[in-house]
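In our numbering, the protein residues as written are 28 to 220.
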């Protein structure tokens, strides 16, 4: 017996959480394109009679769990189908920072462009890197990520982030023995009238 359709197909279909609950990091990190739930998702997104499920459903749960499990093929699939790493204040990026994985952070932040002949276009990033992300990288002592955020993404640390810097990452200061002369010769010193 074929069930009858009760009503119209919902335009707001969501990816169910149960597909991603079992995702855990593999010891050898050998995720393939045939690991669950990727084959099912490929099939689900290829059916033309139903609306495409929302990749950002449940506050980006699918992408965040995939990042936690470091399932690279699944992350690429979700990003290609509209998953937003900036959902829930960039939680997926924060998880990648906590894993201290610079390549995963770059995959989430930057858009991959197709290789074509001629000039390479500068694509807008998927997510804007914030001071909270920089602060998390400092707290996790992920120096390569801190350098990437500061030098390539141009994030200027705020005072709260500067206060969390460990001694080896603190910006250089002027020695006290030189400080009075340096201040006297400074072009920024106010002239008294």
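For each residue, glycine too, the CB sits at the ideal point set by N, CA and C.
Subject >> Cβ distance (whole Å) where residue 100 is taken to contact residue 135 below 8 Å >> reply: Not quite, the Cβ-Cβ distance comes to about 15 Å (not below 8 Å), so this is no contact.
Original post:
For residue 81, does the three-state DSSP call read helix, strand or coil?
Top reply: strand
Subject >> Other residues of its chain near residue 95: CB distance less than 6 Å, five sequence neighbours each side excluded >> reply: 122
**OP:** Could you have a look at residue 41 and say whether DSSP puts it in helix, strand or coil?
**Re:** strand
Subject >> Nonlocal neighbours in the same chain, by C-beta distance under 8 Å from residue 103, ignoring five residues either side >> reply: 134
Original post:
Taking Cβ positions, are residue 154 and residue 164 nearer each other than 8 Å?
Top reply: no
Subject >> Neighbourhood of residue 57 by C-beta distance below 7 Å, restricted to the same chain and skipping five residues each side >> reply: none
**OP:** Report all residues from its chain with a CB closer than 7 Å to the CB of residue 124; omit the five preceding and five following residues, and keep chain order.
**Re:** 132, 160, 163, 164, 167, 169 and 172
**OP:** In angstroms with no decimal places, state the Cα-to-Cα distance between residue 108 and residue 91.
**Re:** 15 Å
**OP:** Inspect the beta-carbon positions of residue 126 and residue 97 and report whether they are closer than 8 Å.
**Re:** yes
Original post:
Would the beta-carbon of residue 82 fall within 8 Å of that of residue 42?
Top reply: yes
**OP:** With distances taken Cα to Cα, identify the nearest neighbour of residue 10 among 48, 175, 177 and 187.
**Re:** Nothing can be reported for residue 10, as the shown portion of the chain is limited to 28 through 220.
Original post:
Relative to the alpha-carbon of residue 181, which residue among 139, 191, 105 and 157 has its alpha-carbon at the smallest distance?
Top reply: 157
**OP:** Run the CB neighbour count on residue 106, radius 10 Å, all protein chains shown included, and call it buried at 16 or more, exposed below.
**Re:** buried
Original post:
At which residues does the alpha helix (DSSP H) containing residue 75 begin and terminate?
Top reply: Unbroken run through residue 75: none, as it is neither H nor E.
**OP:** If I'm right that residue 50 touches residue 93 with Cβ under 8 Å, what's the distance once you round it to whole angstroms?
**Re:** 6 Å
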